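Q: This is the structure, below, for whatever I ask next.
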Amino acid sequence: MRIDCKHVWEHISAYIDGEVDAALRAEIDRHLETCEICSAVLDSTRNVVVLMADERVFELPAGFTERLHARLDRELSLADSS
Amino acid sequence: MQPCERPIYFLLMSLLRNETEAEDAAQDTVIKVYQNLKNFRGDSQFRTWVLSIARNEGLGRLRKAASRREDSLDAETDEQTGDYTPAILTSWKEVPSTALEQKELGALLRQAIEGLPEIYRNVVLLRDIEEMDVRETAAALGITEGAVKVRLHRARALLQRDLAPRLKGFAPKRKGLFGWGA
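Protein sequences, first through last, are from chains W and H. The first sequence begins at 17 in the working numbering and counts up by one. The second sequence begins at 105 in the working numbering and counts up by one.
As structure tokens, this is what we get:
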């Protein structure tokens, strides 16, 4: 089986997550060896995934935990007293 | 409870798209978790259970506010977007995570995620940002594992198409390696 660029794009996410079977992975790897465009698409997608996982991209608002626990303490003490 | 705070908040942010509302809903979620601890049967992961409470809290608020009709919450289907063409690059230079020290890059990434349709945003948030596995993500969102994979694939594809051309500006400018350093 020879796969084309469109096939590679369809499986890129599963490929990054290691969820394609061995035969398909081998086909994709073979395609990537000669296709500069798909290699760049794969690298850029993987790069986006890596950057997204960085905790600095999404941070909890300042004071979130303190406000949460203050509210929780209030609610729990109200429940205890009732 | 603390390890759940981030996913609770960001799932609610994804649903409600308002920081104050998301924080208030996160607080209500945590209170409900404590009130219902006796009902947690341990047949799912604690975080999955907590996130399903957060999701219900978020959806309840959306319904109450009538900002969106209930049926529209499920209106975006996996069939709505068909094939996609990625941003075509002939070379790609990795953007190092140290570039995140530049505030513009973080803002660019957040903006791209916020621009995703909700069904994709929720999945990418739990899978790629909170790094939950497929099974847990499916359980937290009340969808199948297959739907998680399809939505994640499309979300990443949309993000690649949106971000790849713009991220190039954050790549290290080493000349010659990939042909576009000049």
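Beta carbons: idealized from backbone N, C-alpha and C, even for Gly. This structure is a prediction, so every number in the text was calculated from the model and none was measured.
1) Quick check on this structure: which residue in H:Tyr138, H:Val254, H:Ala126, H:Gln215 has the alpha carbon closest to the alpha carbon of Asp31 of chain W?
2) Name the chain W residues whose beta carbon is nearer than 9 Å to that of Tyr138 of chain H?
3) DSSP three-state call for Leu84 of chain W: helix, strand or coil?
4) For Gly288 of chain H, which residues in chain W fall below 7 Å Cβ to Cβ?
5) According to DSSP, is Trp25 of chain W part of a helix, a strand, or is it coil?
6) Going by the beta-carbon positions, is the gap between Trp25 of chain W and Val66 of chain W smaller than 8 Å?
7) So, helix, strand or coil for Met117 of chain H, using DSSP?
8) Taking Cβ-Cβ distances shorter than 8 Å, what residues in chain W pair up with Ala314 of chain H?
9) So, is the C-beta of Leu76 of chain W closer than 8 Å to a C-beta in chain H?
10) Starting from the beta carbon of Thr81 of chain W, find every residue of chain H whose beta carbon is closer than 8 Å, and list them in chain order.
11) Should Lys253 of chain H be flagged as near chain W, meaning a C-beta pair shorter than 8 Å?
12) Mind checking if Leu67 of chain W is an interface residue toward chain H, Cβ cutoff 8 Å exclusive?
13) For the alpha helix (DSSP H) holding Asn160 of chain H, just list the boundary residues, first then last.
14) Cα separation between Leu166 of chain H and Leu48 of chain W?
15) Whole angstroms is fine: what's the gap from Thr194 of chain H's alpha carbon to Ala268 of chain H's?
16) Within 10 Å of its beta-carbon, does Ala39 of chain W have 16 or more other beta-carbons around it, so buried, or fewer, so exposed?
17) Can you name the residues of chain W whose CB is closer than 7 Å to the CB of Phe114 of chain H?
18) So, under 8 Å CB-CB, Gln149 of chain H and Glu240 of chain H are touching, yes? Tell me the CB distance rounded to an integer number of Å.
19) On a CA-only basis, which of H:Lys272, H:Ile135, H:Gln139, H:Gly210 is nearest Ala191 of chain H? Give me that one, please.
20) Take the Cβ of Thr202 of chain H as the centre, count every other Cβ of all protein chains shown within 10 Å, and call the residue buried at 16 or more, exposed below.
21) When you compare only the Cα positions, how much space is there between Glu109 of chain H and Asp20 of chain W?
22) Output needed for Leu204 of chain H: all residues of its chain with C-beta closer than 7 Å, excluding positions within five of it in sequence on either side, in chain order.
A: Taking the definition as stated:
1) As written in the sequence, residue 31 of chain W is Tyr, which differs from the Asp given in the question. If we check each option's Cα against that of Tyr31 of chain W, H:Val254 comes out closest.
2) The answer, in chain order, is Leu88, Glu91, Leu92, Ala95.
3) DSSP places Leu84 of chain W in helix when its eight states are reduced to three.
4) Since the first and last residues shown for chain H are 105 and 286, residue 288 of chain H lies out of range.
5) The answer is helix: DSSP assigns Trp25 of chain W an H, G or I state.
6) Note that the C-beta distance between Trp25 of chain W and Val66 of chain W is not below 8 Å.
7) Under the three-state reduction of DSSP output, Met117 of chain H falls in the helix class.
8) This structure does not reach residue 314 of chain H, given that chain H is present from 105 up to 286, and the question cannot be answered.
9) Chain H contact via Cβ: present.
10) By Cβ distance, chain H contributes Gln106, Glu109.
11) It does: the Cβ of Lys253 of chain H has a partner Cβ on chain W nearer than 8 Å.
12) Yes, contact with chain H.
13) Under the DSSP assignment, Asn160 of chain H falls in the alpha helix (DSSP H) whose first and last residues are 150-169.
14) Each residue's alpha carbon lies about 45 Å from the other.
15) Roughly 12 Å separates the two Cα atoms.
16) Classification of Ala39 of chain W: exposed, given that the 10 Å Cβ count is below 16.
17) What Phe114 of chain H touches in chain W: Phe74.
18) Contact between Gln149 of chain H and Glu240 of chain H holds: CB atoms are separated by about 6 Å, below the 8 Å threshold.
19) Nearest to Ala191 of chain H by alpha-carbon distance, out of H:Lys272, H:Ile135, H:Gln139, H:Gly210, is H:Lys272.
20) By the 10 Å Cβ count, Thr202 of chain H comes out exposed.
21) Our two residues, Glu109 of chain H and Asp20 of chain W, have alpha carbons roughly 43 Å apart in a direct line.
22) Excluding residues within five positions, the ones whose Cβ falls inside 7 Å are Gly210.
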